[in-house]
Amino acid sequence: MSLLWSPECEEGDADLLDTLSAVLQQPPGFISDLPESSDLDLIESVTETIPADHEILLLGIGGSSLGTLALIDALCPEDASRLTVLDNIDPDTLAKTLATLDLELTTVLVISKSGGTAETTAQLLWILDAFTKAGLSSRDHVVAITDPEKGCLREVAQQQGWRSLPVPSAVGGRYSVLTAVGLLPAALCGIDIRALVNGAKSALENLRSATSDHALVRWLSGWRLLHDRCPNVVHFAYRDRMVTLGDWFAQLWAESLGKRFDLDGNEVFRGSTPMVARGVTDQHSLVQLFVEGPADKQFLMLDADLPSTLGTISDESAQLHEDFNYLSGKSIEELRVAELEGTVAALQSAGRPVSVVRFEALDEAHLGAWILLMKVATVMAADHLKVDPFDQPGVEGGKAVAFARMGKAGWQSRGEAIESGARSLKPAPAIRVD
Numbered sequence: 154m155s156l157l158w159s160p161e162c163e164e165g166d167a168d169l170l171d172t173l174s175a176v177l178q179q180p181p182g183f184i185s186d187l188p189e190s191s192d193l194d195l196i197e198s199v200t201e202t203i204p205a206d207h208e209i210l211l212l213g214i215g216g217s218s219l220g221t222l223a224l225i226d227a228l229c230p231e232d233a234s235r236l237t238v239l240d241n242i243d244p245d246t247l248a249k250t251l252a253t254l255d256l257e258l259t260t261v262l263v264i265s266k267s268g269g270t271a272e273t274t275a276q277l278l279w280i281l282d283a284f285t286k287a288g289l290s291s292r293d294h295v296v297a298i299t300d301p302e303k304g305c306l307r308e309v310a311q312q313q314g315w316r317s318l319p320v321p322s323a324v325g326g327r328y329s330v331l332t333a334v335g336l337l338p339a340a341l342c343g344i345d346i347r348a349l350v351n352g353a354k355s356a357l358e359n360l361r362s363a364t365s366d367h368a369l370v371r372w373l374s375g376w377r378l379l380h381d382r383c384p385n386v387v388h389f390a391y392r393d394r395m396v397t398l399g400d401w402f403a404q405l406w407a408e409s410l411g412k413r414f415d416l417d418g419n420e421v422f423r424g425s426t427p428m429v430a431r432g433v434t435d436q437h438s439l440v441q442l443f444v445e446g447p448a449d450k451q452f453l454m455l456d457a458d459l460p461s462t463l464g465t466i467s468d469e470s471a472q473l474h475e476d477f478n479y480l481s482g483k484s485i486e487e488l489r490v491a492e493l494e495g496t497v498a499a500l501q502s503a504g505r506p507v508s509v510v511r512f513e514a515l516d517e518a519h520l521g522a523w524i525l526l527m528k529v530a531t532v533m534a535a536d537h538l539k540v541d542p543f544d545q546p547g548v549e550g551g552k553a554v555a556f557a558r559m560g561k562a563g564w565q566s567r568g569e570a571i572e573s574g575a576r577s578l579k580p581a582p583a584i585r586v587d
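Residues 154 to 587 in the working numbering are what the sequence shown spells out, letter by letter.
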């Protein structure tokens, strides 16, 4: 297994090794609770209870779904088509999904660490109503993945006799892809979850003996050095299979680092905004901004070695016009690589910081390693910003208003206070556009 990473800095800062050492000596839950063989046995045992001819409907949002989507898109497992992920509550999408399901041949994975996520709860109740109308017992069709001991979903799962798997208490949602949250749906689609976890553990062992020359330390050194001028990170994937990995990274990075208060309680409004780009497509939309717009971004370019079976463009086709001749005998892969290298050169010529990461294979081991590295990088970046990478108080305001409007007990006064503050800003009135 090899990740070829070319960070901006040629050597990492020694003090970041101290930060890394501190993270590893008092490991966060996503490290200390990396699954052991017995945990994987449990996940695989639940997998075996789900009939092979069942479609899988995953209900979850944010950290409960983004990691799974990234795994499925990146690894393209044999049974990926059996999985449908509902990570939003647009009624139009839900209705269309229900219309395509054979409920008798459907198993629902409902995933919520807290057990009280409003969107996932609403989805669950909606699908339970559908099971009831179809004369089906939810006991045969629902698997819950939630906190091992507490929360509404844990209580309901026990009451209803649903199969269930735990999310370790010390692992937050956006860090949970290498728990049952991501591993059960991955296993159901044919992904080798043991290889995935072993890849993460291999990367972790390499970090334990890391020097200042380690690529992660070098990348973070560059990010830290340039943060005041270029605080934002563009995840620029040059493989379609890696684009959704950027969506997972965006939540991890944004929700962990974007904080109003630092660890000392000072109001600081810190953060680093992630952006997801797709090569080569976004060369025709975003690269103009990246090269000539504000110099406030650092670029993380992702590529992977994948076999190509397309062959080369024939002389006959290329001779249709003299402007096509340069493509004669060339492959689409050669063009893709040339465009990646051209974009890197253009960004660097414009003085933009660029790091290039190439997976020698886009498989479970490489992906597990990358996921582990990005989670560690996020915690180390939070140390530099002096913020808590494990909370997300900024999402509570909108939740409070929504709960109050929906009549949830105990949320009325808080929701009204937030709405009152918003009204005091006197937004411009809406204008009808005919």
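Each residue gets a CB set at the ideal place from its N, CA and C atoms; glycine is no exception. Treat the numbers as computed from the prediction; the structure is a model and nothing was measured.
- Ends of the alpha helix (DSSP H) at H519? Where H519 is concerned, the enclosing alpha helix (DSSP H) stretches over E517 to L538.
- Query: What residue from G268, R292, G288 and A339 has the CA that sits closest to P319's CA?
  - Reply: Distance check between P319 and each of G268, R292, G288 and A339 places G268 closest, using alpha-carbon atoms only.
- Message: Could you compute how far the alpha carbon of P427 sits from the alpha carbon of L157?
- Response: If you take the alpha carbons of P427 and L157, they lie about 22 Å apart.
- Can you tell me whether K249 is buried or exposed, with buried defined as 16 or more other CB within 10 angstroms of its CB? K249 comes out exposed.
- Item | Which residues DSSP lists as bridging A297, in chain order | For A297, which the question treats as bridged, DSSP gives the partners V263 and S317.
- Message: Taking its Cβ as the centre, do 16 or more other Cβ atoms sit within 10 Å of F422, making it buried, or is it exposed?
- Response: F422 counts as exposed, since fewer than 16 other C-beta atoms from the protein chains shown sit within 10 angstroms of its C-beta.
- DSSP three-state call for Q312: helix, strand or coil? Q312 falls in the helix class under three-state DSSP.
- Taking V199 as the reference, which of L169, S502, C229 and L337 has the closest Cα? If you compare the alpha carbons of L169, S502, C229 and L337 with that of V199, the shortest gap goes to L337.
- Query: What whole-angstrom Cβ distance do A557 and G568 have, given they're in contact under 8 Å?
  - Reply: Indeed they touch by this definition, with Cβ atoms about 2 Å apart.
- Measuring alpha carbon to alpha carbon, tell me which of T202, A310 and M527 ends up nearest V370. Residue M527 holds the alpha-carbon nearest to the alpha-carbon of V370 among T202, A310 and M527.
- Straight-line Cα distance separating G411 from G547: Distance from the CA atom of G547 to the CA atom of G411, rounded to whole angstroms, is 9 Å.
- From which residue to which residue does the beta strand (DSSP E) around F414 run? It spans K412 to F414 - the beta strand (DSSP E) in which F414 sits, taken as one unbroken run.
- Query: How should R327 be labelled, buried or exposed, when 16 other C-beta atoms within 10 angstroms of its C-beta is the threshold for buried?
  - Reply: By the 10 Å Cβ count, R327 comes out buried.
- Query: Does the pairing of the stretch 239–255 with the stretch 352–359 give three or more beta-carbon distances under 8 Å?
  - Reply: Because the criterion of three Cβ pairs below 8 Å is not met, the stretch 239–255 and the stretch 352–359 do not touch.
- Message: According to DSSP, simplified to helix, strand and coil, what is I184?
- Response: DSSP places I184 within a helical segment (H, G or I) once states are collapsed to three.
- State the DSSP-derived secondary structure class of I584, mapped to helix, strand or coil. The answer is coil: DSSP assigns I584 none of H, G, I, E or B.
- Task: Could you tell me the distance, in whole angstroms, from the CA atom of S329 to the CA atom of G335?
- Result: Rounded to the nearest whole angstrom, the C-alpha separation of S329 and G335 is 7 Å.
- Less than 8 Å separating the beta-carbons of D468 and V429? Not closer than 8 Å, so no.
- 7 Å CB neighbourhood of F414 in its chain, flanking five on each side removed: Excluding residues within five positions, the ones whose Cβ falls inside 7 Å are E420 and V421.
- Query: Where do the N-terminal and C-terminal ends of the beta strand (DSSP E) with E208 fall, by residue?
  - Reply: Note, E208: beta strand (DSSP E), E208 to L212.
- Message: I need the DSSP call for S484, collapsed to helix, strand or coil.
- Response: Of the three classes helix, strand and coil, the one that applies to S484 here is strand, per DSSP.
- Message: Which residues does DSSP list as the beta-bridge partners of L455?
- Response: DSSP lists A390 and V510 as partners of L455.
- Is it right to say A535 is buried, meaning 16 or more other beta carbons lie within 10 angstroms of its own, or is it exposed? Burial call: buried.
- Return the CA-CA distance between G304 and V261, expressed in angstroms with no decimal places. Straight-line Cα distance between these residues: approximately 19 Å.
- Item | Exposure label - F477; buried when at least 16 CB within 10 Å | Counting every other CB atom within 10 Å of its CB across the protein chains shown gives F477 a total below 16, marking it as exposed.
- Given that a residue counts as buried once 16 or more other Cβ atoms are within 10 Å of its Cβ, and exposed if not, what is Y391? Buried is the call here.
- Item | Residues of its chain near D186, where Cβ-Cβ distance is below 8 Å and the 5 sequence neighbours each way are ignored | These residues qualify, in order along the chain: P321, A323, V324 and T332.
- Message: Bridge partners for D324 per DSSP, in chain order?
- Response: Before going on, a small fix: residue 324 reads as Val here, not Asp. The beta-bridge partner set that DSSP reports for V324 is empty.
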